[in-house]
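> Provided herewith is a single structure, encoded as structure tokens, for subsequent inquiry.
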Amino acid sequence: MRKSSAAVAALMAALVAGTVTPASADAQESRGPSLSFALLGDTPYGADQRAAFPALVDAVNADPDVRFVLHAGDVKDGGSTCDDARFADLAKLFGTFDDPFVLTPGDNEWTDCHRTAAGGYVPTERLEAVRTFFYPKAGHTLGRNPMGVRTQASDSRHGAYKENVLFRRQGVVFATVHVVGSENDLAPWSQLPGGDRPDLRLAEFTARKAAALDWIDTAFDTARQTNAPGVLLLMQAEPTDTPGFSEIRARITDRAKAYGKPVLLVHGDEHVYEVETGYAGVPNLTRLETYGVTATQWLRVTVEPRSRAVFSWRPQTVPAS
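Taking mature numbering (1 follows the signal peptide of the UniProt record, and there is no 0), I'd label the letters of the sequence shown as residues -25 to -1, 1 to 296.
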């Protein structure tokens, strides 16, 4: 719901004072007619897109139907530095969305930061920086009007994974799952000064994969317990049938088959808007890849719990200035 300028000003003042109480993970939970949200990914890339991004924010903020924003990861290009200053700037930028802003990490933010052009960082150290800047308070989103979410960090077995979140709207279960490109961190850190650190890399992969599998189960368990009309999973990379993703792919397809209702698997990474119904041979599973490498295009996704498909979407273009 779009806020008036006076309401936004009051909200920003409250944020500065630290008095804003975000909506809960189930706030406004209903099975009303519909709601819409904005879907982005792989943006902003480079200085030009960073400069153009505020216009995209303005366009989304001006849309009276948008209730929150989902970003499928890769908030910068892989050849740019992974330094704290860049992360701080982007977190501040995403905070200018009026609505709650939900991000799942991409490989450009941490996995690929071993690259010389990206700064030659140890990727796991940059992952901690990602959590610091983009998830400053576990259980809360970014955005001027933050939303309370259920976070996997509340599970003592997976306390590090505050980026994996879950919430419900219109009865539908939304869950972000930290799955990234570069073979989900199985690809060697080949440009790291001193060489790859396979023990550290594989330990990270194994722990995060276990968390992802459990979180997928949590999403579908929640959907079953609440008789949800649909499930949406958001991750950065498509879970292909390759070593870095095969177990995650199998878990999603198995749970989607058993669930039997519409499941929308949303991701980015390849920078191409693409839709695949009956994904992996599961009739009720649809794969949606959002636009990438653009600050002028996004998707408005609509959730209609009483419709057969539950999910629909329309491409949007930022008006020329």
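Note that the Cβ used here is the ideal one computed from N, Cα and C, for glycine as well. These numbers come from a predicted model, not from an experiment.
1. Are there 16 or more other CB atoms within 10 angstroms of the CB of E84, so buried, or fewer, so exposed?
2. R143 to F149, Cα distance in whole Å?
3. Taking the Cβ atom as the reference point for each residue, do D234 and F195 lie within a distance shorter than 8 Å?
4. Between L10 and V278, is the Cβ-Cβ spacing less than 8 Å?
5. My output table needs one value for S11: the three-state DSSP class, helix, strand or coil.
6. Is it buried or exposed for K112, if we count other Cβ within 10 angstroms and need 16 for buried?
7. Here's a check: name, in chain order, each residue in its chain whose Cβ is nearer than 7 Å to the Cβ of Y96, leaving out the five neighbours to either side.
8. Between R125 and V105, is the Cβ-Cβ spacing less than 8 Å?
9. Just to confirm the assignment, what range does the alpha helix (DSSP H) spanning S157 have?
10. Should the region 254 to 263 be regarded as contacting the region 226 to 241, the criterion being three or more beta carbon pairs within less than 8 Å?
11. Might you give, ordered along the chain, the residues of its own chain that have their beta carbon closer than 6 Å to the beta carbon of L117, omitting 5 neighbours on each side?
12. Can you give me the C-alpha to C-alpha distance between D82 and V155, rounded to a whole angstrom?
13. Buried or exposed: which applies to V44, given that a residue is buried once 16 or more other Cβ atoms fall within 10 Å of its Cβ?
14. With H, G and I counted as helix, E and B as strand and the rest as coil, what does DSSP make of R199?
15. Nearest by alpha-carbon distance to D17: which of A178, Q211, N202 is it?
16. Distance check for T215 and D229, CA to CA, integer angstroms please.
17. Select from F286, D192, H153 the residue whose C-alpha is nearest the C-alpha of T252.
18. Using 10 angstroms around the beta-carbon of A93, count the other beta-carbons present and answer buried if the total reaches 16, otherwise exposed.
19. Compute the distance between the beta-carbons of L209 and T151, then report whether it is under 8 Å.
20. Among residues of its own chain, excluding the 5 on either side of Y254, which ones have a beta-carbon nearer than 7 Å to its beta-carbon?
21. Please classify residue 373: does DSSP put it in a helix, a strand, or coil?
Looking at the atomic coordinates:
1. buried
2. 6 Å
3. The residue you asked about is not Asp; residue 234 is Tyr in the sequence shown. Yes; because the gap between Cβ atoms is below 8 Å, this pair is in contact.
4. In this structure, V278 lies closer than 8 Å to L10 by Cβ.
5. strand
6. exposed
7. C57, C88, H89
8. In this structure, R125 sits away from V105, with a CB-CB distance that is not shorter than 8 Å.
9. 156 to 160
10. yes
11. In chain order, F69, G70, F76 place their CB closer than 6 Å to the CB of L117, counting only its own chain and leaving out the 5 sequence neighbours on each side.
12. 5 Å
13. buried
14. If DSSP states are grouped into helix, strand and coil, R199 belongs with the helices.
15. Q211
16. 14 Å
17. F286
18. buried
19. Taking the C-beta atoms as reference points, T151 is found nearer than 8 Å to L209.
20. L240, L260, T261, R262
21. The structure shown has nothing for residue 373, since the chain only spans -25 to 296.
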